[in-house]
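Enquirer: Below are the structure tokens for one structure; questions will follow.
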Amino acid sequence: MRARIGLTVLAAVAGIVASAAPASAAPIDDCRGLRLVCIFADPNHGGAVVWTGIEWGSYNAPYRTRTTGTNVVNSTGDRVQIRSYTGGRGCYVPNGWDINLPSGINDNIGRIVIGSDTGGLPRC
0 MRARIGLTVL AAVAGIVASA APASAAPIDD CRGLRLVCIF ADPNHGGAVV
50 WTGIEWGSYN APYRTRTTGT NVVNSTGDRV QIRSYTGGRG CYVPNGWDIN
100 LPSGINDNIG RIVIGSDTGG LPRC
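Numbering of the sequence shown is given in numbering that gives the first Met the number 0, commencing with residue 0 and proceeding in unit increments.
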């Protein structure tokens, strides 16, 4: 639910920004400018944004994110843990990093945690 709220907020803010200035060239610019965590469907922030978040918390990945999420852009000041839906794998994305997820986690995202902790996971 929060992911939908995040996408709605991103769209709403992008609409407000668009009325005041030219729209950004790509969703990656909005993600960085709004200091969000964004998960993209394809490597190298290609394809659609399938999940956004900004608040500390633990989120279950919705189906579309779980099955298409391959790239994480963390523009927040926090760490983001990405845990797989199956297989028990996981890694964390440091603040300010842009990562193509490793196999076993890409297109298999189960839980996303935004906070200050690494959760004992290796860096992606």
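In this text, a Cβ means the ideal position worked out from N, Cα and C, and glycines have one as well.
#1: Give me, in chain order, the residues of the same chain whose beta-carbon lies closer than 8 Å to that of residue 56; leave out the 5 immediate sequence neighbours on both sides.
#2: Report the three-state DSSP secondary structure of residue 77 (helix, strand or coil).
#3: Here's a check: name, in chain order, each residue in its chain whose Cβ is nearer than 6 Å to the Cβ of residue 84, leaving out the five neighbours to either side.
#4: The alpha helix (DSSP H) that contains residue 29, what's its start and end?
#5: Residues in the same chain with beta-carbon distance under 7 Å from residue 63, minus the five sequence neighbours each way, listed in chain order, please.
#6: Counting only the same chain and skipping the five closest in sequence on each side, list residues whose C-beta sits under 6 Å from that of residue 82.
#7: Output yes or no for whether 7 Å exceeds the beta carbon distance between residue 86 and residue 68.
#8: Check residue 51 in the structure and name its three-state DSSP category.
#9: Tell me the rounded alpha-carbon separation between residue 20 and residue 119.
#10: By the DSSP assignment, the beta strand (DSSP E) with residue 110 in it spans what residues?
#11: What are the boundary residues of the alpha helix (DSSP H) that includes residue 62?
#12: Would you kindly work out how many angstroms separate the C-alpha atoms of residue 52 and residue 122, rounded to a whole number?
Expert: Quick look at the numbers:
#1: Mapped onto the sequence shown, residue 56 falls at position 57. Correct list, in chain order: 1, 112, 113, 114.
#2: The sequence position of residue 77 within the sequence shown is 78, counting from 1. In the structure shown, residue 77 sits in coil (DSSP, three-state: anything other than H, G, I, E or B).
#3: By one-based count along the sequence shown, residue 84 stands at place 85. Within the same chain, residue 84 has close Cβ partners 65, 107, 109.
#4: Translated into positions along the sequence shown, residue 29 becomes position 30. From DSSP, the alpha helix (DSSP H) with residue 29 extends over 26–32.
#5: Residue mapping note: residue 63 aligns to position 64 of the sequence shown, counting from 1. Cβ within range, chain order: 49.
#6: Counting from one through the sequence shown, the residue named residue 82 turns up at place 83. Counting only Cβ-Cβ distances below 6 Å, and skipping sequence neighbours, we find 89, 109, 110.
#7: For this step, residue 86 is matched to residue 87 along the sequence shown. For this step, residue 68 is matched to residue 69 along the sequence shown. In this structure, residue 86 keeps its C-beta atom at 7 Å or more from the C-beta atom of residue 68.
#8: Residue numbering aside, residue 51 sits at position 52 when the sequence shown is read from its first letter. It is a strand residue.
#9: As a position in the sequence shown, residue 20 is number 21, starting the count at 1. As a position in the sequence shown, residue 119 is number 120, starting the count at 1. Residue placement at residue 20 cannot be trusted, given a pLDDT of 42 that sits under 50; what the coordinates show is reported in the next sentence. Just so you know, the alpha carbons of residue 20 and residue 119 end up roughly 42 Å apart.
#10: As a first step, residue 110 is located in the sequence shown; it is residue number 111 there, counting from the start. Its beta strand (DSSP E) spans residues 108–114.
#11: Translated into positions along the sequence shown, residue 62 becomes position 63. Element bounds for residue 62: 62–67.
#12: The count along the sequence shown starts at 1 and reaches residue 52 at position 53. The count along the sequence shown starts at 1 and reaches residue 122 at position 123. Taking the straight line from one Cα to the other gives about 19 Å.
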